[in-house]
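Residue numbers (this note's numbering): 3 to 372.
This is the structure in structure tokens:
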């Protein structure tokens, strides 16, 4: 097993992590013949009516467990001509994500908190260091609108919708702007451990000189049985479901210096890449993938619904995402002993470390998929 993954040294510094990843990616791109190309982020998608949307070109499959995806990096590189895994691009994350709008909501609303360890800290404890707030349209069968902001640590209890407006301005559709302003209530939680890496795909016959940068990840996850992560007699645990997901997402593209491709040419290359990887993944896992058209957030919601948790109970709990950044809550008490406060962060850690549903270490996932 690798003692030190290439990019794990920046495990508590997002800026340093992604800056180094960009340097590694560009260096690798030059080594595979893209030395006269510039890198560009995924552009806005312009609709026929002229609307500029933030689109997430992403697909995924769900499998029973992460071990199903053994050697997926090398298998894809072997089976898919033009698919080149960026060396040393391994990144590992552990994070909880919260579904904060119900099954009847027009969009998905979620909070996600990245968890990192301090140097020398007990690895059986995860602590959050930042919080992202995102809204996306439902379903994962096609490209989705996605909007995401990082919420400043000192403002996590405030309404983040003004930050949305500041970032996206005229690109934020009215229905999304209105949805963002609705007060958040936690409907359920998922604990995730993610092994991620990047690849560069090119196909001169179909895409000309455009090369697409793809981020791939294998996520092992648990879904809480109840929104407040307390014990569920129905599930016999505080965890209701555990599966894994293989996800591939377009991060950007390389184009020859000085070349300015049109909107349709770029998006044709992006969509071709997504579909081509999808065909390769389907061929590898057609007998192992679970049928699902749900995003991760929707999986939380449907799992909670299957536990017979009513909307009235969820609204009565009135859980807020930022409560799980706190060790104690002054107004939440244990039902069997009102003198004791609820340790919400401790409950959240059960999603990662409950002995009967333990998630693998980040290194274990990386080693398995290599």
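All residues carry an ideal CB built from backbone N, CA and C; glycine is no exception.
Extent of the continuous beta strand (DSSP E) to which residue i belongs
i, result
"residue 76", "From DSSP, residue 76 is part of no beta strand (DSSP E) but of the alpha helix (DSSP H) over 74 to 81."
"residue 255", "241 to 258"
"residue 56", "Segment: none, residue 56 is in no beta strand (DSSP E) and carries neither H nor E."
"residue 85", "85 to 87"
"residue 146", "146 to 153"
Rounded C-alpha distance that separates residue i from residue j
i, j, result
"residue 48", "residue 266", "9 Å"
"residue 372", "residue 28", "21 Å"
"residue 3", "residue 194", "With a pLDDT of 44 at residue 3, under the threshold of 50, the predicted position of this residue should be treated as unreliable, though the coordinate-derived value follows. Each residue's alpha carbon lies about 21 Å from the other."
"residue 320", "residue 262", "50 Å"
"residue 191", "residue 259", "45 Å"
"residue 151", "residue 201", "25 Å"
"residue 161", "residue 361", "32 Å"
"residue 239", "residue 314", "22 Å"
"residue 20", "residue 134", "16 Å"
"residue 139", "residue 283", "24 Å"
"residue 326", "residue 36", "45 Å"
"residue 359", "residue 234", "14 Å"
"residue 303", "residue 219", "22 Å"
"residue 64", "residue 341", "42 Å"
"residue 339", "residue 309", "25 Å"
Extent of the continuous alpha helix (DSSP H) to which residue i belongs
i, result
"residue 31", "16 to 33"
"residue 227", "Careful: residue 227 lies outside any alpha helix (DSSP H) and carries neither H nor E."
"residue 182", "176 to 182"
"residue 424", "As shown, the chain starts at 3 and ends at 372. That puts residue 424 outside it, with no answer to give."
"residue 365", "364 to 371"
"residue 212", "From DSSP, residue 212 is part of no alpha helix (DSSP H); its letter is neither H nor E."
"residue 68", "Segment: none, residue 68 is in no alpha helix (DSSP H) and carries neither H nor E."
"residue 36", "Unbroken run through residue 36: none, as it is neither H nor E."
Strand pairing of residue i, partner residues [DSSP]
i, result
"residue 42", "255"
"residue 99", "114, 192"
"residue 234", "239"
"residue 62", "249"
"residue 135", "113, 151"
C-beta atoms of residue i and residue j nearer than 8 Å
i, j, result
"residue 368", "residue 197", "yes"
"residue 73", "residue 26", "no"
"residue 41", "residue 88", "no"
"residue 212", "residue 271", "yes"
"residue 317", "residue 187", "yes"
"residue 189", "residue 103", "yes"
"residue 58", "residue 251", "yes"
"residue 363", "residue 346", "no"
"residue 257", "residue 16", "no"
Secondary structure, alpha helix (DSSP H): runs of 4+ residues fully inside the stretch 261 to 312: 265 to 287, 298 to 308
Kindly provide the ranges of any beta strand (DSSP E) runs that are 3 or more residues long and lie completely inside the stretch 320 to 360, ordered along the chain. 339 to 343
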